[in-house]
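The next block holds one structure in the form of structure tokens; read it before the comments.
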Amino acid sequence: MFLSFRSKIFAIAIALIGLFVLIATLAAHHTLRGWTQSRIESDLLQRARLIDASLDPEGDLSAQVLRLSEASQTRITLIAADGEVLADSHVDQPEALDDHGDRPEVQAALTQGVGLARRHSSSIDADLLYGAIPASATEGAAVVRLSVPLSEVDEVLNRLRTLALIGALVALAIAIFLSGIATRLMSSTLQNLLIHAREATDLPDDTQLPGAEPGVREPTSSRSVRQLTEALERSVGSLARERDRFSAVLDGMAEGVVATDAHLTVTLVNRAARALLGLEGNPQGRDLADLLPAAPLEQLIGGAHSARGASAEFQLTAPLTRTILARAAWPKHGPGLILVLHDVTELRRLETVRRDFVANVSHELRTPVAVIQANSETLLSGALDDPKAARNFTRGIYRNAERLTHLIADLLDIARLEADQAHLEPRHLPARQAAADAIEALHAPDDAAITLEIAADLQVLADPRALDQILINLLDNALKYLPEPGPIIVRASRDAEATMARFEVIDQGPGIEPRHHHRLFERFYRVDKGRAAHMGGTGLGLSIVKHLVSAQGGEVGYEPNQPHGSIFWFTLPLATADA
């Protein structure tokens, strides 16, 4: 017949408790036995010292020994240095006793100061415990020896053994009682757990725990535990997969995510947030105030409880200057704050560029349109009757219409380049010939001194029309800003890696202040707006140059020329045999 689950637990508990009590009893008995024997031996030696001090060397030793033996309940023997027995409380004729000089306790007392031994005494036919010390007050005696029967020692030890056994039985009984209560509680708890396991694992309701009372429907223990274990393993595995998926999604997000607890201590930061905020190492455990500026943080915390959450925009200057848009909300379940960080640096820059573009286009269109309108109104008002005046007004209309045409053409060029619709067709071109063609098409003034410093064998891979437009724009720009006719050099050479050709347009003009350098290639940006407008420039030439060079795989830039002047440079791929 199989034991019930509760009985098995109880039996295992009793076995473990019994083993523990047995080990504890044996250990206690061993300890008490050793301690008791040590106390008996110590007491025996103490009696020997007292008896040694009580003996009168001038009196009858035998009578004194007999009297002290009865008082101390021990056998007393006085032994001379040569081993002769001088007196013995349990022997009438001590001179008849054997030489005691070879007794272990006597030798130990003489050499070590204390002697102890257990053996059978042939003199009185009994097992004795001997204790001996050197005599100090007894004339002629070298050793005072006391002995007690081992039966008395065994009696004390037997009493201790009995007490230990009784204590062990009492402890075992109490432990069995408490074990029964604990087993019942454990069984009840486990049964409740198994019932929940049955519900979690869809076990039939009629399954019953082995050994359970009839009529009480409980899940089968082994099956329930196994199925519960499997369910837990599936749940843990699912949670681990969800955690890994969640971590992958967080780390893959372009937006930064920061989560905190109720005390605004950081608990989670994804990779994008660490990059946006310039954080090194793991910021978990730090205060949120250490990561964000105080003003936007207060704004975010204050508005996070609203239905729409809160948002704040701020700038960080380290490690890079960034504009960050932060949105904050308190989660519906659980304390803490969730922050989502967006890097809107490029967006804000584009918005600024768009606003500037609209403003610049409006400004560029306003002037020629106003001139055309004013001249037309003047002509209609009667200026047509004056041929000379009519010619001047008509010339103004033509000049500004031409300016509008150039402006619109440049805008269309930039739009096509930005939309990748320029349809460039790179081919092998001799760099020197391309530069010469651009100079010829420029119709430069006769007094313009433009010099070519380009090797005849230098070949580039470029679109002919695009390269022509790049060089014309740069040369036209150099001519406009020369205060008086001066030398202009067009130079081209291979770079150090022999993969690109570097073109330079060098003038001896006034140069450009450093504060303008980073904006030279922006649309409609002019260093001297009044001078550029007077010369008919649209402000789009350098921007078109930048787009054309980039579309052909090159770079463009500006360097000051020493001692004065400017160097506008760009690179294009060198033509190779397989290109």
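Under my numbering, the first residue of the sequence shown carries the number 29, and numbering increases by one thereafter.
Glycine included, each C-beta is placed from N, C-alpha and C at the ideal position.
Tell me whether the beta-carbon of residue 473 lies closer than 8 angstroms to the beta-carbon of residue 513. The residue labelled residue 473 in the question sits at position 445 within the sequence shown. The residue labelled residue 513 in the question sits at position 485 within the sequence shown. Residue 473 places its beta carbon less than 8 angstroms from that of residue 513.
Helix, strand or coil for residue 405 per DSSP? Within the sequence shown, residue 405 is the residue found at index 377, counting from 1. Helix at residue 405.
Taking the alpha carbon of residue 460 as the point to measure from, which residue in 266, 442, 484 has its own alpha carbon closest? Position 432 of the sequence shown holds residue 460. Closest option to residue 460, Cα to Cα, is 484.
Just to check my reading of the structure: residue 586 and residue 578 have Cβ atoms closer than 8 angstroms, yes? What is that Cβ distance to the nearest angstrom? On the sequence shown, position 558 is the one that residue 586 refers to. On the sequence shown, position 550 is the one that residue 578 refers to. About 15 angstroms separates the two Cβ atoms, so there is no contact after all.
Closest residue to residue 499 among 545, 522, 572 (Cα-Cα distance): If you number the sequence shown from 1, residue 499 lands on position 471. Among 545, 522, 572, the Cα nearest to that of residue 499 is on 572.
Closest by C-alpha distance to residue 93, when choosing among 364, 173, 127: Counting from one through the sequence shown, the residue named residue 93 turns up at place 65. The candidate whose alpha carbon is nearest that of residue 93 is 173.
To the nearest angstrom, how far is the alpha carbon of residue 568 from that of residue 284? The count along the sequence shown starts at 1 and reaches residue 568 at position 540. The count along the sequence shown starts at 1 and reaches residue 284 at position 256. The alpha-carbon of residue 568 is positioned some 37 angstroms away from that of residue 284.
Using the beta-carbon count (16 or more within 10 Å), is residue 48 buried or exposed? As a working mapping, residue 48 is identified with position 20 in the sequence shown. Exposed is the call here.
Environment of residue 97 [buried if 16+ CB atoms lie within 10 Å]: Stepping through the sequence shown from its first residue, residue 97 is reached at position 69. With 16 or more other Cβ atoms within 10 Å, it is buried.
Pull up the distance between the alpha-carbon of residue 383 and that of residue 263, whole angstroms please. Against the sequence shown, residue 383 aligns to sequence position 355. Against the sequence shown, residue 263 aligns to sequence position 235. Cα to Cα, residue 383 sits roughly 55 angstroms from residue 263.
What are the uninterrupted segments assigned as alpha helix (DSSP H) that are 4 or more residues long and contained completely in the segment 438 to 507, given in chain order? If only uninterrupted alpha helix (DSSP H) runs of at least 4 residues are considered, those enclosed by the segment 438 to 507 are 459 to 470.
Taking all protein chains shown into account, decide if residue 246 is buried (16 or more other Cβ within 10 angstroms of its Cβ) or exposed. In the sequence shown, the residue the question calls residue 246 occupies position 218. Note that residue 246 scores 45 on pLDDT, short of 50, meaning its location in the model is unreliable; the coordinates nonetheless yield the value given after this. Residue 246 counts as buried, since no fewer than 16 other beta carbons sit within 10 angstroms of its beta carbon.
Tell me the residue span of the beta strand (DSSP E) that contains residue 545. Taking the sequence shown and counting its residues from 1, one reaches residue 545 at position 517. That residue, residue 545, is in no beta strand (DSSP E); it is neither H nor E in DSSP.
Compare the beta carbon distance of residue 490 and residue 343 with 8 angstroms and say whether it is the shorter of the two. Residue numbering aside, residue 490 sits at position 462 when the sequence shown is read from its first letter. Residue numbering aside, residue 343 sits at position 315 when the sequence shown is read from its first letter. Contact: no.
Can you tell me whether residue 283 is helix, strand or coil according to DSSP? On the sequence shown, residue 283 is found 255 positions in, with the first residue counted as 1. In the structure shown, residue 283 sits in coil (DSSP, three-state: anything other than H, G, I, E or B).
Residue 140 - containing alpha helix (DSSP H), residue span: Numbered from 1 along the sequence shown, position 112 holds the residue referred to as residue 140. For residue 140, the enclosing alpha helix (DSSP H) starts and ends at 132 to 140.
Is it true that the CB of residue 105 sits closer than 8 angstroms to the CB of residue 116? As a first step, residue 116 is located in the sequence shown; it is residue number 88 there, counting from the start. As a first step, residue 105 is located in the sequence shown; it is residue number 77 there, counting from the start. With respect to residue 105, residue 116 sits close: the two C-beta atoms are nearer than 8 angstroms.
When we look at the beta-carbon of residue 575 and count the other beta-carbons within 10 Å, is it buried (16 or more) or exposed? Walking along the sequence shown from the start, residue 575 turns up at place 547. Burial call: buried.
Quick check on DSSP: helix, strand or coil for residue 367? Counting from one through the sequence shown, the residue named residue 367 turns up at place 339. Residue 367 falls in the strand class under three-state DSSP.
With DSSP collapsed to three states, give me the class of residue 599. Indexing the sequence shown from 1 puts residue 599 at position 571. Here residue 599 sits in strand by DSSP.
Just verifying my parser: in three-state terms, what is the DSSP assignment at residue 342? To locate residue 342, count along the sequence shown from 1; it is residue 314. In this structure, DSSP gives residue 342 an extended state, which the three-state scheme calls strand.
For residue 361 and residue 195, the rounded distance between their alpha carbons: Taking the sequence shown and counting its residues from 1, one reaches residue 195 at position 167. Taking the sequence shown and counting its residues from 1, one reaches residue 361 at position 333. Cα to Cα, residue 195 sits roughly 58 angstroms from residue 361.
Pull the bridge partners of residue 528 from the DSSP assignment, please. Position 500 of the sequence shown holds residue 528. Listed as beta-bridge partners of residue 528 by DSSP are 601.
Report the rounded CA-to-CA distance for residue 58 versus residue 310, giving the unit in angstroms. Mapped onto the sequence shown, residue 58 falls at position 30. Mapped onto the sequence shown, residue 310 falls at position 282. Looking at the two C-alpha atoms, the distance is approximately 59 angstroms.
Residue from 496, 114, 158 with nearest C-alpha to residue 149: Position 121 of the sequence shown holds residue 149. For residue 149, the nearest C-alpha among the options comes from 158.
Three-state class that DSSP yields for residue 244 in the structure shown: By 1-based counting over the sequence shown, the position of residue 244 is 216. Bear in mind that the predicted position of residue 244 carries a pLDDT of just 44, short of 50, making it unreliable; the figure below should be weighed with that in mind. Coil, per DSSP.
Beta-carbon separation (whole angstroms), residue 53 vs residue 193, contact threshold 8 angstroms: In the sequence shown, residue 53 corresponds to position 25, counting from 1. In the sequence shown, residue 193 corresponds to position 165, counting from 1. The pair is a contact, with the Cβ atoms about 7 angstroms apart (cut-off 8 angstroms).
If we count Cβ pairs, one from each stretch, closer than 8 angstroms, do we get three or more for the segment 120 to 134 versus the segment 209 to 217? Counting Cβ pairs under 8 angstroms, fewer than three are found: no touch.
Does the segment 293 to 311 come into contact with the segment 387 to 397, if we say contact requires no fewer than three beta-carbon pairs (one atom in each stretch) closer than 8 angstroms? Contact fails: fewer than three Cβ-Cβ distances are below 8 angstroms.
Can you give the Cα-Cα distance for residue 486 and residue 598, rounded to whole angstroms? As a working note, residue 486 is residue 458 in the sequence shown. As a working note, residue 598 is residue 570 in the sequence shown. Near 15 angstroms, if we compare the C-alpha coordinates of residue 598 and residue 486.
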